[in-house]
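K.L.:
A single structure is presented below for examination.
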Amino acid sequence: MPYKAPTSEIAFTLEHVVGFGRVQATGRFSEATSDVVHAILGEAGRICEDVLAPLNRAGDLSPARLENGVVRTSPGFDDGYRAIAEGGFVGISADPEYGGMGLPHTVTTAVNEMMGSACLALELCPLMTQGQIEALEHHGSDELKALYLPKLISGEWTGTMNLTEPQAGSDVGALTSKAVPNGDGTYAITGQKIYISWGDNDFSENVCHLVLARLPDGVPGTKGISLFLVPKKLPDENGKPGVMNKLKVVSLEHKMGLHGSPTAVMQYEGATGWLVGEPHSGMAAMFTMMNNARLGVGVQGVSVAEAAYQQAVDYANERKQGRSAVDGGTGTILDHADVRRMLTGMKAETFAARALALDLAVSIDLAKTGDAAAKARAAFLTPICKSYGTDTGINVANEGIQVHGGMGFIEETGAAQFLRDVRVTAIYEGTNGIQAMDLVGRKLADGGAAAVGLLDEVDTVAADAGGIEGEALAKDAKALREATERMVALDLNNRFAGAVPFQRAFALVLGGMYHLRASLAEGKTGPRANLARAFLTRPMAAVPGLLAEAKRGSDDLYTLSAEDFVA
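Residue numbers (the numbering used here): 1 to 567.
Laid out in structure tokens, this is it:
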């Protein structure tokens, strides 16, 4: 059941749901005309269908492996990566001065979704490189930019992000990696990093690591951390990869999924590195990369949701089992109400998650033009997008297995791989619980102003839609306003107790807004109106319960003692 790139669906969402025209109207992105965007989506979609999608199963069956210190990637991944690089898809949004296209990040987001649907394990590689490109554009010296950006943008070199250590996961400030000045402008980096996606490969000329480490005078905690660029091979006087740096891949993790993506344990033993940004300001520089990655990971959830939905609906259209429940039906399990329930929910939530991701991307692009309101909006949407996108990917992949019935539990169908691959997205780049805590903590530090601004948008769409659907959305938005006020009034630990349900409720209300926008654009009697109605009456039926839990506080969570948990 081959993957089909949803280029028309993406184009519709850009044009009619998330207001991409506002980005096109800016001077910075005036060259991103609809013709240009459609051409890029079309070519990227073709490569995803013809080149990348056939690699997905190969990556699962033949994982990346470490042989004598060298990472050997899955069969065909070298050709797949070459197609991505030669198509210019690594540097879509990168600075044209260094070889990028300079197009909006929204376009990159759309292309990344299709690449992730086709082969998520391989898509991780350019995603990491894109984050490194942006970090260097914002924080790198002119010398580092001139040497590294053209190679990263062209795809000749790849990039990684090195944060986590065995004793320092979410608590990054607990890291022990050290950086000692060499006296010539470089630094000797020593330490071990774990969970490094695409820590090495056998198809790029060089692998460039962004590594967090502490200078000798760095204070404890995150404020004493600096960021360093540490290449696998040291560039010679001509900028060519030269001698090996003092680093190595110790091992590759044996994972639940994403087998084609090598997740490395990296060891640095006095490796030569260059400072990126100011001393002791590494977290600020790294967050440039991490915020992009959080949108990218949310999109990975959308990617898998789309692919899993496509396979499930194809199977449902072919599988005959039992008697048809409707007159004039298909004669397949698509006639059964419960299968319809699952597929409708899968389709509706995938649309909502995609729209949320593209809406965030539009806000990021507008923020780049100096729009302060867009910047605040993007900051608020980021944790919601990361969490809802990945939760949707997991839920849709899980439902996809159920649609397949017993065959979903059989590896040969490929339905199980979607769930195994996407499961980690709710964990990496900040667990979804941490995203929720960020939402109710830092993102409500403005007293709820950013939240209220988004809810004002929801109210406008609800009023435009009118009818039962508009009234339902307005009712949930009002309840969410009240819950936001309650959250602002609570202390942090009481907020944290309800953070996850609050975050999901917010995502669902935004999803209702996107569905009604789509319905209004198509016409109130078309398929999108029917899908909007289903979303508002089924997934969104959970909003009142989610908000009740969100406002409950933490007292009941502490009624069990530590001993009670193990009794």
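In this text, a Cβ means the ideal position worked out from N, Cα and C, and glycines have one as well.
What number of angstroms, rounded off, separates the C-alpha of S561 from the C-alpha of G553?
P.N.:
Your numbering for residue 561 matches position 561 in the sequence shown. Your numbering for residue 553 matches position 553 in the sequence shown. Spanning the two alpha carbons is a distance of roughly 17 Å.
K.L.:
If you draw a straight line from the alpha carbon of L275 to that of L252, how long is it in whole angstroms?
P.N.:
Within the sequence shown, residue 275 is the residue found at index 275, counting from 1. Within the sequence shown, residue 252 is the residue found at index 252, counting from 1. Their backbone Cα atoms lie some 27 Å apart in a straight line.
K.L.:
Report yes or no: do three or more beta-carbon pairs, one from the segment 56-70 and one from the segment 95-104, lie closer than 8 Å?
P.N.:
Segments in contact, no.
K.L.:
Just mark H254 as buried or exposed, buried being the case when its beta carbon has 16 or more other beta carbons within 10 Å.
P.N.:
Working through the sequence shown from its first residue, we reach residue 254 at position 254. H254 should be labelled exposed.
K.L.:
Return yes when the Cβ of V71 is within less than 7 Å of the Cβ of G607, no when it is not.
P.N.:
The question about residue 607 has no answer, for the chain in this structure spans 1 to 567.
K.L.:
Report, in whole angstroms, the separation of the C-beta atoms of I394 and R423, which I expect to be a contact under 8 Å.
P.N.:
Here residue 394 refers to the residue found at position 394 of the sequence shown. Here residue 423 refers to the residue found at position 423 of the sequence shown. 6 Å between Cβ atoms; contact.
K.L.:
With H, G and I counted as helix, E and B as strand and the rest as coil, what does DSSP make of L66?
P.N.:
As a first step, residue 66 must be located in the sequence shown, where it is residue number 66. Strand.
K.L.:
Are the beta-carbon atoms belonging to F418 and A449 less than 7 Å from one another?
P.N.:
Along the sequence shown, read from residue 1 onward, the residue named residue 418 stands at position 418. Along the sequence shown, read from residue 1 onward, the residue named residue 449 stands at position 449. Going by C-beta atoms, F418 is not nearer than 7 Å to A449.
K.L.:
Can you tell me the Cα-Cα spacing of D171 and E471, whole angstroms?
P.N.:
Against the sequence shown, residue 171 aligns to sequence position 171. Against the sequence shown, residue 471 aligns to sequence position 471. Cα-Cα distance, rounded: 44 Å.
K.L.:
Under 7 Å, do I196 and M266 count as touching if we go by C-beta distance?
P.N.:
Residue 196 sits at position 196 when you count from the first residue of the sequence shown. Residue 266 sits at position 266 when you count from the first residue of the sequence shown. Cβ distance < 7 Å, so I196 and M266 count as in contact.
K.L.:
Would you check if the distance between the CB atom of M487 and the CB atom of M289 is smaller than 7 Å?
P.N.:
Counted from its first residue, the sequence shown places residue 487 at position 487. Counted from its first residue, the sequence shown places residue 289 at position 289. No; because the gap between Cβ atoms is not below 7 Å, this pair is not in contact.
K.L.:
Would you call the segment 256-271 and the segment 384-394 in contact, with 3 or more CB pairs under 8 Å?
P.N.:
Taking 8 Å as the limit for Cβ pairs, the verdict is that the segment 384-394 does not touch the segment 256-271.
K.L.:
Quick one: give me the first and last residue of the beta strand (DSSP E) that L227 is part of.
P.N.:
Residue mapping note: residue 227 aligns to position 227 of the sequence shown, counting from 1. I225 to P231 is the extent of the beta strand (DSSP E) around L227.
K.L.:
Note down, in chain order, each residue of its chain lying with its Cβ closer than 7 Å to the Cβ of T413, except the 5 sequence neighbours on either side.
P.N.:
Within the sequence shown, residue 413 is the residue found at index 413, counting from 1. These residues qualify, in order along the chain: H404 and M407.
K.L.:
Please work out which residues of its chain come closer than 6 Å, Cβ to Cβ, to Q180, disregarding the five sequence neighbours upstream and downstream, and give them in chain order.
P.N.:
Locating residue 180 in the sequence shown gives position 180, counting from the first residue. Correcting the residue type first, residue 180 is Val in the shown sequence and not Gln. Only A188 meet the Cβ criterion.
K.L.:
What do you get for Y558, buried or exposed, if any count of 16 or more other CB atoms within 10 angstroms of its CB means buried?
P.N.:
Taking the sequence shown and counting its residues from 1, the one referred to as residue 558 is at position 558. Flag for Y558 reads exposed.
K.L.:
Buried or exposed for F502, please, with buried defined as at least 16 other CB atoms from any protein chain shown within 10 angstroms of its CB.
P.N.:
Here residue 502 corresponds to residue number 502 of the sequence shown, with the count starting at 1. Buried.
K.L.:
Could you have a look at Y315 and say whether DSSP puts it in helix, strand or coil?
P.N.:
Within the sequence shown, residue 315 is the residue found at index 315, counting from 1. Y315: helix per DSSP, three-state reduction.
K.L.:
Just to confirm the assignment, what range does the beta strand (DSSP E) spanning S281 have?
P.N.:
Along the sequence shown, read from residue 1 onward, the residue named residue 281 stands at position 281. Unbroken run through S281: none, as it is neither H nor E.
K.L.:
Who pairs with N206 in a beta bridge, going by DSSP?
P.N.:
Stepping through the sequence shown from its first residue, residue 206 is reached at position 206. The partner list for N206 (beta bridge, DSSP) reads W157.
K.L.:
Just the Cα atoms here: how many angstroms apart are A518 and F12?
P.N.:
The count along the sequence shown starts at 1 and reaches residue 518 at position 518. The count along the sequence shown starts at 1 and reaches residue 12 at position 12. If I take the Cα positions, the gap works out to 8 Å.
K.L.:
Drop a sphere of 10 angstroms on the beta-carbon of L492, count the other beta-carbons inside from all chains shown, and report buried for 16 or more, exposed for fewer.
P.N.:
Within the sequence shown, numbered from 1, the residue matching residue 492 stands at position 492. With fewer than 16 Cβ atoms within 10 Å of its Cβ, L492 is classed as exposed.
K.L.:
What separation, rounded to the nearest whole angstrom, lies between the Cα atoms of Q169 and L147?
P.N.:
As a working note, residue 169 is residue 169 in the sequence shown. As a working note, residue 147 is residue 147 in the sequence shown. The sequence as given places Gly at residue 169; Gln does not occur at that position. Each residue's Cα considered, the two are about 31 Å apart.
K.L.:
Following the continuous beta strand (DSSP E) through A168, name the residue where it begins and the one where it ends.
P.N.:
In the sequence shown, the residue the question calls residue 168 occupies position 168. Where A168 is concerned, there is no enclosing beta strand (DSSP E), given that its DSSP letter is neither H nor E.
K.L.:
Are there 16 or more other CB atoms within 10 angstroms of the CB of G159, so buried, or fewer, so exposed?
P.N.:
Taking the first residue of the sequence shown as position 1, residue 159 is located at position 159. So G159 counts as buried.
K.L.:
Does the distance from the C-beta atom of I153 to that of A94 stay below 7 Å?
P.N.:
In the sequence shown, counting from the first residue as 1, residue 153 sits at position 153. In the sequence shown, counting from the first residue as 1, residue 94 sits at position 94. Contact: yes.
K.L.:
Short check: CB of M540 to CB of F496, under 7 Å?
P.N.:
Sequence index remark: in the sequence shown, residue 540 carries index 540 (1-based). Sequence index remark: in the sequence shown, residue 496 carries index 496 (1-based). In this structure, F496 does not lie closer than 7 Å to M540 by Cβ.
K.L.:
Candidates G183, V509 and E349: which alpha carbon is nearest K475's?
P.N.:
Translated into the one-based positions of the sequence shown, residue 475 becomes position 475. Comparing Cα-Cα distances from K475 to each of G183, V509 and E349, the minimum goes to V509.
K.L.:
Once you ignore the five residues that flank G185 on each side, which residues in its own chain have a CB closer than 8 Å to its CB?
P.N.:
Here residue 185 is taken as the residue at index 185 of the sequence shown, counted from 1. W274.
K.L.:
On the DSSP bridge assignment, give the partners of Y388 in chain order.
P.N.:
Here the question's residue 388 lines up with position 388 in the sequence shown. Partner(s): none; Y388 has no beta bridge.
K.L.:
Where V500 and R442 are concerned, what is the direct C-alpha to C-alpha distance, given to the nearest angstrom?
P.N.:
Locating residue 500 in the sequence shown gives position 500, where the first residue counts as 1. Locating residue 442 in the sequence shown gives position 442, where the first residue counts as 1. Between V500 and R442, the C-alpha separation is close to 15 Å.
K.L.:
Skipping 5 residues on each side, what residues in its chain have a beta carbon closer than 7 Å to that of L490?
P.N.:
In the sequence shown, counting from the first residue as 1, residue 490 sits at position 490. So the list reads G553, once near-sequence residues are dropped.
K.L.:
Determine the DSSP secondary structure at S197, reduced to helix, strand or coil.
P.N.:
Working through the sequence shown from its first residue, we reach residue 197 at position 197. Residue state, collapsed to three classes: strand.
K.L.:
With a floor of 4 residues, list each alpha helix (DSSP H) that falls wholly inside the segment 433-465, ordered by position along the chain.
P.N.:
Fully enclosed alpha helix (DSSP H) runs of 4 or longer: 449-465.
K.L.:
Under the assumption that A118 contacts N56 (Cβ atoms under 8 Å), give the Cβ distance between them as a whole number of angstroms.
P.N.:
Working through the sequence shown from its first residue, we reach residue 118 at position 118. Working through the sequence shown from its first residue, we reach residue 56 at position 56. Between N56 and A118 the Cβ distance is about 7 Å, and since that is below 8 Å, they are a contact.
K.L.:
Ignore the nearest five residues each way along the sequence and tell me which others in L520's own chain have a CB closer than 7 Å to its CB.
P.N.:
For this step, residue 520 is matched to residue 520 along the sequence shown. Result list for L520: D464 and A465, in chain order.
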